[in-house]
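Chains as they are written, first to last, in the working numbering: chain A, 99 to 545; chain B, 32 to 266.
Below you'll find the structure, written out as structure tokens, and then a few comments.
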């Protein structure tokens, strides 16, 4: 293994929102060996905040992306076993033409299997299929003191459930077994509806969710008055063979964003203009077409490094799930907070969530999820705190994968499963070897 | 890089046999390639250590048996060490020189004899830009590769007319396990990018391939620099 040189330019590691902390990462093909004595694994770094960043400046994370082999696949059950560094984009590329797909996909395909487990990702089909963890059969994890364990619902279930959504804090995920799903064709039927108001959006989301497996909505959170919360509802389902073209669908072309846009280019005014354009570009009320899965699942991936649009200051994301009954009020209150701070969310996604994930720290639970993308401001921390207060008032919680600024006090109030998680962590990682900047901030581990 | 190249070959339907030092790792790599393969053809493997020439003949025989006679041999194995380590550790330096130069050539000789006996084939070997000129940070590693590159060039001159196609791959800095932890310079390549170039070179029979391609120009310039400048610079 080549010796490590700490690169000083750019120093450290970055979250997707451009949160930046000192540290270094090492990568290699033998994950089991490489992860020995290291505090954290890191995949493709799509967590927005500090979840994949290191707690101390001298620490070295393990980049898993070279440990990406397929190990076995059972054609009769769809059970796939692979190394944790395998990228979803690659998995889709290999299996889509064979008519198999991941049971749950998040909003980007540039994530690793390990990352998907650690965040217990959810997708547009959460209301029917739950989180990724529900479809995971077993995991191979390097826990504290070098103990490598195969865990599942029947073998060391405590470790298994703590690792799903556990943000890498129970150890290094080395291998993942997940049940893939059979799909009828490589194409999808997509339907989009323009909605005039938040009420219409929520009502339609609810109604369509009964018949469509993939649903989500984009909302305009800047416009005030009657049009507040208007947007576009996105629906998707796999196309049956007779509905689909005979050839295999092609992945979307992607272009790299070559440079950072100036910070501040995305502000309340420009975002309002952008929202208007997007809303108006949807001619007519309803549109239906047959498209490639990339267009349904990964509209953002077509510009790689799209996070550069936020400039070097970056973005802060806030994703929460709140009680369904008072969801509408919660959303309106959050929009009010954004307005108060002069902030605007460039990309707002609303999703109805189904069953709670099995992972001890798993994010989704029944209710409405709201994801806000806000260019980083000076008062972002204050704003996040106020948003969190709303979340608390509506019995909700936040998504750790997006989080970089929530205070430990606020987080504690949101989640009553924390003690159970920490107990399992203490059992499997008695020396608290595994820690991230996020764990230092939220649990006092590693800081 | 071997992994990236073998994946490309498997996905387009080529049948493969792997040689390497760790049987467990070979098994996992073989499983990965079999699953990716166009026809799911089982990929075979056998242990073979570049530092142990006694195992070469048998390994090649096993490959021949599994594939019914191979037509292409790709050598990606090598030892690597940083300049500091090689300058300090004479024993390791010697091991590296033997493995990368003498043993690799010994292996190539056995491989090329088999290929020639069946009318020809392709021998693709990974050398390095480090062999293009003696340079401060890599003079020992570079020496091992310089010798290898010269052998490959001579081999090409000698046997191309008899059907043996020699492809010498010269990677510049590529971000792989071998270089993990080192700070990448400009023009650093990704394994998949290099793999695409290599597979195309194998298909076309290109005798020398720089990967990424920019390195051809970089090395052209470096080779042209006068000695007194080479003594001054750090690269």
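Note that CB positions come from ideal geometry on N, CA and C, so glycine has one too.
Item to complete: For residue 550 of chain A, collect the residues of the same chain with a Cβ closer than 8 angstroms to its Cβ; drop the 5 residues on either side in sequence, then sort them by chain order.
Response: This structure cannot speak to residue 550 of chain A, because chain A is shown only from 99 to 545.
Worksheet item: In chain B, which residues lie less than 7 angstroms from residue 541 of chain A when you measure between Cβ atoms?
Response: Your numbering for residue 541 of chain A matches position 443 in the first chain. The premise fails here: residue 541 of chain A is roughly 29 angstroms from chain B at the closest Cβ pair, so nothing lies under 7 angstroms.
Fill in: Alpha-carbon to alpha-carbon, residue 269 of chain A and residue 241 of chain A
What you label residue 241 of chain A is simply residue 143 of the first chain in a count that begins at 1. What you label residue 269 of chain A is simply residue 171 of the first chain in a count that begins at 1. The straight-line gap from Cα to Cα measures roughly 4 angstroms.
Worksheet item: The alpha helix (DSSP H) with residue 506 of chain A in it runs from where to where?
Response: Residue 506 of chain A sits at position 408 when you count from the first residue of the first chain. Looking at the DSSP string, the run of the alpha helix (DSSP H) that includes residue 506 of chain A is 506-512.
Practice prompt. May I ask you to list the residues that DSSP assigns as paired with residue 112 of chain A?
Written response: The sequence position of residue 112 of chain A within the first chain is 14, counting from 1. Residue 112 of chain A is bridged to A/118.
Fill in: Best match in B/120, B/131 and B/250 for proximity to residue 84 of chain B [C-alpha to C-alpha]
Counting from 1 along the second chain, the entry for residue 84 of chain B is found at position 53. Among B/120, B/131 and B/250, the Cα nearest to that of residue 84 of chain B belongs to B/131.
Item to complete: Determine contact between the stretch 294-306 of chain A and the stretch 192-202 of chain A, defined as no fewer than three beta-carbon pairs at a distance below 8 angstroms.
Response: At 8 angstroms Cβ cutoff, the stretches do not touch.
Worksheet item: Are there 16 or more other CB atoms within 10 angstroms of the CB of residue 367 of chain A, so buried, or fewer, so exposed?
Response: What you label residue 367 of chain A is simply residue 269 of the first chain in a count that begins at 1. The Cβ neighbour count for residue 367 of chain A, taken over all protein chains shown within 10 Å, is under 16; the residue is labelled exposed.
Discussion item. According to DSSP, is residue 312 of chain A part of a helix, a strand, or is it coil?
Written reply: The residue given as residue 312 of chain A occupies position 214 in the first chain. It is a strand residue.
Worksheet item: Near residue 266 of chain A, which residues of its chain fall below 7 angstroms by C-beta distance, leaving aside the five closest residues on each side in sequence?
Response: Indexing the first chain from 1 puts residue 266 of chain A at position 168. Counting only Cβ-Cβ distances below 7 angstroms, and skipping sequence neighbours, we find 138, 139, 216, 532 and 534.
Practice prompt. Go ahead and pull the three-state DSSP assignment for residue 290 of chain A.
Written response: Your numbering for residue 290 of chain A matches position 192 in the first chain. Three-state result, residue 290 of chain A: strand.
Worksheet entry | residue 488 of chain A versus residue 327 of chain A - alpha carbon distance | Within the first chain, the letter at position 390 stands for residue 488 of chain A. Within the first chain, the letter at position 229 stands for residue 327 of chain A. Residue 488 of chain A and residue 327 of chain A: Cα-Cα distance of roughly 17 angstroms.
Item to complete: Could you tell me which chain A residues have their CB closer than 9 angstroms to the CB of residue 63 of chain B, listed as they occur along the chain?
Response: Taking the second chain and counting its residues from 1, one reaches residue 63 of chain B at position 32. Those within 9 angstroms of residue 63 of chain B in chain A are 166, 167, 168, 169, 180 and 181.
Discussion item. In whole angstroms, give me the CA-to-CA distance for residue 216 of chain B and residue 264 of chain B.
Written reply: Taking the first residue of the second chain as position 1, residue 216 of chain B is located at position 185. Taking the first residue of the second chain as position 1, residue 264 of chain B is located at position 233. C-alpha of residue 216 of chain B to C-alpha of residue 264 of chain B: approximately 15 angstroms in a straight line.
Item to complete: Kindly indicate which residue of A/392, A/143 and A/319 has the alpha-carbon position closest to the one of residue 119 of chain A.
Response: What you label residue 119 of chain A is simply residue 21 of the first chain in a count that begins at 1. With distances taken between Cα atoms, residue 119 of chain A lies closest to A/143.
Practice prompt. For chain A, find out if any of its Cβ atoms is closer than 9 angstroms to the Cβ of residue 206 of chain B; answer yes or no.
Written response: As a first step, residue 206 of chain B must be located in the second chain, where it is residue number 175. For residue 206 of chain B, the answer is yes, since a Cβ of chain A falls inside 9 angstroms of its Cβ.
Worksheet item: Just how far apart, CA to CA, sit residue 539 of chain A and residue 159 of chain A?
Response: Residue mapping note: residue 539 of chain A aligns to position 441 of the first chain, counting from 1. Residue mapping note: residue 159 of chain A aligns to position 61 of the first chain, counting from 1. If I take the Cα positions, the gap works out to 18 angstroms.
Worksheet entry | Neighbour list for residue 59 of chain B in chain A, Cβ cutoff strictly below 7 angstroms | Here the question's residue 59 of chain B lines up with position 28 in the second chain. Contact annotation for residue 59 of chain B against chain A: 167 and 169 [CB-CB distance below 7 angstroms, chain order].
Worksheet item: For residue 127 of chain A and chain B, any beta-carbon pair shorter than 9 angstroms?
Response: If you number the first chain from 1, residue 127 of chain A lands on position 29. The beta carbon of residue 127 of chain A falls within 9 angstroms of a beta carbon belonging to chain B, placing the residue at that interface.
Worksheet entry | chain B contact residues for residue 192 of chain A, given Cβ-Cβ distances below 9 angstroms | What you label residue 192 of chain A is simply residue 94 of the first chain in a count that begins at 1. In chain order: 42, 66 and 67.
Worksheet item: With 16 as the cutoff for other CB atoms within 10 Å, does residue 536 of chain A come out buried or exposed?
Response: Against the first chain, residue 536 of chain A aligns to sequence position 438. The C-beta of residue 536 of chain A has 16 or more other C-beta atoms within 10 Å across all chains shown, which makes the residue buried.
Discussion item. Within 10 Å of its beta-carbon, does residue 35 of chain B have 16 or more other beta-carbons around it, so buried, or fewer, so exposed?
Written reply: Counting from one through the second chain, the residue named residue 35 of chain B turns up at place 4. Under this definition residue 35 of chain B is a buried residue.
Discussion item. So, with DSSP's three-state summary, where would you put residue 79 of chain B?
Written reply: Within the second chain, the letter at position 48 stands for residue 79 of chain B. Residue 79 of chain B carries a coil assignment under DSSP once its states are collapsed to helix, strand and coil.
Discussion item. Using a Cβ-Cβ cutoff of less than 8 angstroms, which residues in the same chain neighbour residue 608 of chain A once the five nearest sequence positions on both sides are dropped?
Written reply: One cannot answer for residue 608 of chain A here, as it falls past the ends of chain A, which runs 99 to 545.
Worksheet item: Going along the chain, which unbroken runs of the alpha helix (DSSP H) with 4 or more residues stay wholly within the stretch 124-202 of chain B?
Response: Secondary structure in the stretch 124-202 of chain B: the alpha helix (DSSP H) runs of 4 residues or longer, each lying completely within the stretch, are 135-148 and 170-190 in chain order.
Discussion item. Any beta carbon of chain A sitting closer than 9 angstroms to that of residue 82 of chain B?
Written reply: In the second chain, counting from the first residue as 1, residue 82 of chain B sits at position 51. For residue 82 of chain B, the answer is no, since every Cβ of chain A falls outside 9 angstroms of its Cβ.
Item to complete: Check whether the Cβ of residue 193 of chain B lies closer than 9 angstroms to any Cβ atom in chain A.
Response: Within the second chain, numbered from 1, the residue matching residue 193 of chain B stands at position 162. False, the Cβ-Cβ gap to chain A never drops below 9 angstroms.
Item to complete: Kindly indicate if chain A contains any beta-carbon less than 9 angstroms away from that of residue 126 of chain B.
Response: Here the question's residue 126 of chain B lines up with position 95 in the second chain. Not one chain A Cβ lies under 9 angstroms of residue 126 of chain B.
Discussion item. Under 8 angstroms, with one C-beta from each stretch per pair, do the stretch 306-315 of chain A and the stretch 422-435 of chain A reach the 3-pair mark?
Written reply: Touching, no.
Discussion item. Helix, strand or coil, according to DSSP, for residue 12 of chain B in the structure here?
Written reply: It is not possible to answer for residue 12 of chain B, since the shown part of chain B is limited to 32 through 266.
Discussion item. Could you give the first and the last residue of the continuous beta strand (DSSP E) run that contains residue 386 of chain A?
Written reply: Your numbering for residue 386 of chain A matches position 288 in the first chain. Residues 384-389.
Worksheet item: Would DSSP call residue 49 of chain B helix, strand or coil?
Response: Working through the second chain from its first residue, we reach residue 49 of chain B at position 18. Reduced to three states, the DSSP call for residue 49 of chain B is strand.
Worksheet item: Should residue 34 of chain B be flagged as near chain A, meaning a C-beta pair shorter than 9 angstroms?
Response: In the second chain, the residue the question calls residue 34 of chain B occupies position 3. Output row for residue 34 of chain B: interface = yes.
Fill in: Cβ of residue 56 of chain B within 9 angstroms of any chain A Cβ
Taking the second chain and counting its residues from 1, the one referred to as residue 56 of chain B is at position 25. So yes, residue 56 of chain B belongs to the interface.
Discussion item. Going by DSSP, what residue range makes up the alpha helix (DSSP H) through residue 368 of chain A?
Written reply: Translated into the one-based positions of the first chain, residue 368 of chain A becomes position 270. Counting along the chain, the alpha helix (DSSP H) containing residue 368 of chain A begins and ends at 366-379.
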